[in-house]
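Participant: In the working numbering, the protein residues as written are 1205 to 1381.
Just so it is clear, CB atoms sit at the ideal spot from N, CA and C, and this is done for glycine as well.
Every value quoted in this text rests on a predicted model; they were computed, and no experiment measured them.
Attaching a single structure in structure tokens format; questions to follow.
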DNA sequence: AACACGATTTCG
DNA sequence: GAAATCGTGTTT
């Protein structure tokens, strides 16, 4: 069994609409080095789409601020923020510049839960704004895995108005999560 | 300067 | 069901 060398996702993958990027990230590999420099790979099994200023569940619906700034840039950068004072949420920016969108990585194979996966991988605020297309610290690879998936409403956004809180913009690999 | 709250997790 | 815990946006 030869191990397949993953190909790094390029700019074009990320600059599409978040409703295409979020499901397409399922099965892809988050690749980074651990504290000893060893390369680690984690397969994405669950994502959620946050789509523009009109999406009341998206942080960018509050407008352009120091926190949401990166979402207004072209896709491919990392958006991370601290929630409840203790958990870092790992997001991937999508779309063209000027259209704020991001994909929340909700689960990796073996690491269900956005807060738990960040803790396991050591993801924190220092990753804010890092470009996944050019960074040598963290990137996303494709090894040809294209899993079947299901959709569902997003979690933890009850505060958002309709129709946004009812959108089926959560994507889960079938038989996982 | 003070306040309210959250794209979660864990414990009781 | 409720606490933990703090950066960010909003109000004073």
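Three or more C-beta pairs under 8 Å: does that hold for the region 1336-1351 against the region 1283-1293?
Facilitator: Counting Cβ pairs under 8 Å, fewer than three are found: no touch.
Participant: Taking residue 1303 as the reference, give the member of 1316, 1324 and 1257 with the closest Cα.
Facilitator: Of the candidates 1316, 1324 and 1257, the one whose C-alpha sits nearest the C-alpha of residue 1303 is 1257.
Participant: Can you have a look at residue 1259 and say buried or exposed, based on whether 16 or more other CB atoms are within 10 angstroms of its CB?
Facilitator: Counting Cβ neighbours within 10 Å, residue 1259 comes out buried, since at least 16 surround it.
Participant: Taking all protein chains shown into account, do 16 or more other C-beta atoms lie within 10 angstroms of the C-beta of residue 1321, making it buried, or fewer, making it exposed?
Facilitator: By the neighbour-count rule (16 or more Cβ atoms within 10 Å), residue 1321 is buried.
Participant: Can you give, in chain order, each stretch of the alpha helix (DSSP H) that sits fully within the region 1255-1333 and has at least 4 residues?
Facilitator: List check, alpha helix (DSSP H) in window: 1318-1325.
Participant: My guess is that residue 1334 and residue 1294 are in contact by the Cβ rule of under 8 Å, so how many angstroms apart are they, rounded?
Facilitator: Their Cβ separation, rounded to whole angstroms, is 11 Å, which puts residue 1334 and residue 1294 out of contact at 8 Å.
Participant: The ligand GDP and residue 1243: does the residue's C-beta get closer than 7 Å to at least one heavy atom of that ligand?
Facilitator: The ligand GDP is not part of the structure shown, which contains no ligands of any sort.
Participant: Round the Cβ separation of residue 1312 and residue 1353 to the nearest angstrom and send it over; I've been treating them as touching at under 8 Å.
Facilitator: So it is not a contact: roughly 15 Å between Cβ atoms.
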